[in-house]
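Everything below concerns the one structure shown next.
Protein chains in written order, with our numbering: chain A, 1 to 333; chain B, 1001 to 1333.
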């Protein structure tokens, strides 16, 4: 049964039924797919579906849900170094929505695309039991600049574009009723309701030639590292866990495991990249120019294992992350 | 409420919330969207969602549903003269599907793409209450060959690539329990369960330069004519209703209005095109080469009205067609 299988096993079952395109520029299963359109360029495409029941926590407005449906696709294009141009939106609407609510969805879609310089180019609507917004983002990328999941080499540095743990904490507040002081709560909940794709960061990183592999962290930091490891045939030692201050305070107040929040959360849209050591400074400098950090969290190694190095021990990083089928259920609006 | 609004009004509400791309090669609302990728070529993209509740009649297998989800998108690319290359599939699965059923979906997706020379390039899966398969088809088209909805001129000939009425009759059998002799029933029901996109027809038509406007007939022949009329600012006089023999026999047996079946059905994937009179022979000849008919059904005129000319009178062709929200409900499997 689908509930027992989980998203990744289901994708595996379906993938086995598919014939693969000869000479595809990007293997099946990377963040986005690509087609060579000549002139040294790739058309990069990505589809991802937002389902009300599993992707829209209580407290998220329809405007925010529609915006998120676009942003999560743009994030995958960003992770590949592709500039988004157009987005299509295929929408399933539950019965009983008012005109104003449909407008909220329209405005949210537009906002999600325009924030990143793209446009909604088309779509269709349908009646459905759940709210379903399936977006497809379409972008262009110079073939040489496309950042795959494979390509990391031993000694490459592992880096991220932001601090983790906020969304995991925010989801605990929204889904499980955890409390937090207002100032922290706004940040944590805001990180869930208003995700941001790291597009300007990725486009400038792609220009440095410093990045050897890239993925976004929408399924959690641990999962992203495992995906890079699997695709690149390297292991990683993580010696610095990039944890947001607000997540630290939240974890302390509720006596929660900080590493758990930072590694195994999800719905975060930071870039997780590997960087050539010789070009580290160049990459860091490039990101500084666009006002963003590049945070070194570890290094790649030949042995294909994933470990977190703390003060006194090495802990294995598990291959688990955010799966929709296994998301804790909550009573939904 | 969404139920009262209908699909096209909902799209209109959402459209009004969207900023439009400057210099978009194709206006919003055509069968597919396009982006200039340089070298005189367009990337053509289309998304359309199949929802179990409204698009999968009883008797349609999961394999057929998944195949249809791909074919209906390929049909829109075909109507524009674009060659499909890749398809993305975003899938919402209801709880309780077995592994074998998921494989059926995978094989159906693959079949739908491979029949037309395309490949499934990626996708994602989610838990949903309904079966939802949202495909995005991606293709390439020479800019000059793209066949828009606008472009028809007075005196152009109106033509279709096949005979109508079979799917409307087939849906009456599947949804409303109408009877038919086995031989006819197979054809009528088959037209619903195994739709075919007119790709080879469109690609060869696009080579003739004969076509001035084009659309597929998935929302019904009448609706397609209205869309061409609206986009091209012309009217049409239809003097021949292209009705399939099996639909005729079915209509006679059940005392149904033949014109109703042929004009206001839906889920048919023929091309509806306007053709320059001087190039008619060339277009007809081109289609003959690929074993397909080009059936002249009328002509375009300056006055923006749509009429059906029968032996003794002129009847107005109404602007109604297939809308999912208004589909007759049936007890579903």
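Beta carbons: idealized from backbone N, C-alpha and C, even for Gly.
Neighbourhood of residue i by C-beta, 6 angstroms cutoff - its chain only, sequence neighbours within 5 removed
| i | result |
| --- | --- |
| residue 1165 of chain B | 1243, 1244, 1247, 1261, 1262 |
| residue 1124 of chain B | 1090 |
| residue 84 of chain A | 74, 77, 116, 118, 137, 139 |
| residue 1071 of chain B | 1112, 1195, 1197 |
| residue 1056 of chain B | 1065 |
| residue 1257 of chain B | none |
| residue 1305 of chain B | 1235 |
Beta carbon proximity, residue i to chain C, threshold 8 angstroms
| i | result |
| --- | --- |
| residue 1217 of chain B | In the structure shown, chain C cannot be found, because the protein chains are A and B. |
Buried versus exposed, by CB contacts within 10 Å (16 or more), residue i
| i | result |
| --- | --- |
| residue 1233 of chain B | exposed |
| residue 141 of chain A | buried |
| residue 1255 of chain B | exposed |
| residue 1192 of chain B | buried |
| residue 98 of chain A | exposed |
| residue 20 of chain A | exposed |
| residue 54 of chain A | buried |
| residue 1218 of chain B | buried |
| residue 1101 of chain B | buried |
| residue 1149 of chain B | buried |
| residue 80 of chain A | buried |
| residue 209 of chain A | exposed |
Where residue i falls: helix, strand or coil (DSSP)
| i | result |
| --- | --- |
| residue 1229 of chain B | helix |
| residue 26 of chain A | coil |
| residue 198 of chain A | coil |
| residue 1160 of chain B | strand |
| residue 1071 of chain B | helix |
| residue 1278 of chain B | helix |
| residue 1255 of chain B | coil |
| residue 325 of chain A | Because residue 325 of chain A sits at a pLDDT of 38, beneath the cut-off of 50, its placement in the model cannot be relied upon, and the point is left open. |
| residue 167 of chain A | helix |
| residue 1146 of chain B | coil |
| residue 1088 of chain B | strand |
| residue 1081 of chain B | coil |
| residue 1041 of chain B | strand |
| residue 1051 of chain B | strand |
| residue 124 of chain A | strand |
| residue 214 of chain A | strand |
| residue 334 of chain A | Outside the displayed span of chain A (1 to 333) sits residue 334 of chain A, for which this structure offers no information. |
| residue 191 of chain A | helix |
| residue 1061 of chain B | coil |
| residue 1287 of chain B | helix |
| residue 1036 of chain B | strand |
| residue 300 of chain A | strand |
Below-8 angstroms beta-carbon distance, residue i vs any chain B residue
| i | result |
| --- | --- |
| residue 250 of chain A | no |
| residue 138 of chain A | yes |
| residue 112 of chain A | no |
| residue 274 of chain A | no |
| residue 53 of chain A | yes |
| residue 266 of chain A | no |
Test: residue i CB closer than 8 angstroms to a CB of chain A
| i | result |
| --- | --- |
| residue 1146 of chain B | no |
| residue 1119 of chain B | yes |
| residue 1141 of chain B | no |
| residue 1192 of chain B | no |
| residue 1126 of chain B | yes |
| residue 1318 of chain B | no |
| residue 1021 of chain B | yes |
| residue 1049 of chain B | yes |
| residue 1184 of chain B | no |
| residue 1045 of chain B | yes |
| residue 1077 of chain B | no |
| residue 1088 of chain B | yes |
| residue 1224 of chain B | no |
| residue 1013 of chain B | yes |
| residue 1099 of chain B | yes |
Any non-hydrogen atom of the ligand HEM within 7 angstroms of residue i CB
| i | result |
| --- | --- |
| residue 1321 of chain B | Among the components of this structure there are no ligands whatsoever, and the ligand HEM is therefore not found. |
Contacting residues, own chain, Cβ-Cβ under 8 angstroms from residue i (five flanking each side not counted)
| i | result |
| --- | --- |
| residue 40 of chain A | 142, 143, 144 |
| residue 1133 of chain B | 1049, 1050, 1065, 1066, 1069, 1089, 1090, 1091, 1092, 1105, 1109 |
| residue 52 of chain A | 65, 94, 130, 131, 132, 332 |
Own chain residues within Cβ distance below 7 angstroms of residue i, not counting five before or after
| i | result |
| --- | --- |
| residue 321 of chain A | 219, 220, 222, 223, 264, 266 |
| residue 1023 of chain B | none |
| residue 1037 of chain B | 1043 |
So, does the stretch 1125-1132 of chain B touch the stretch 1092-1102 of chain B, judging by three or more C-beta pairs under 8 angstroms? yes
Check whether the stretch 148-160 of chain A and the stretch 297-307 of chain A are in contact - that is, three or more C-beta pairs closer than 8 angstroms. yes
When you compare the stretch 1272-1279 of chain B with the stretch 1178-1195 of chain B, are there three or more beta-carbon pairs, one atom per stretch, that lie closer than 8 angstroms? no
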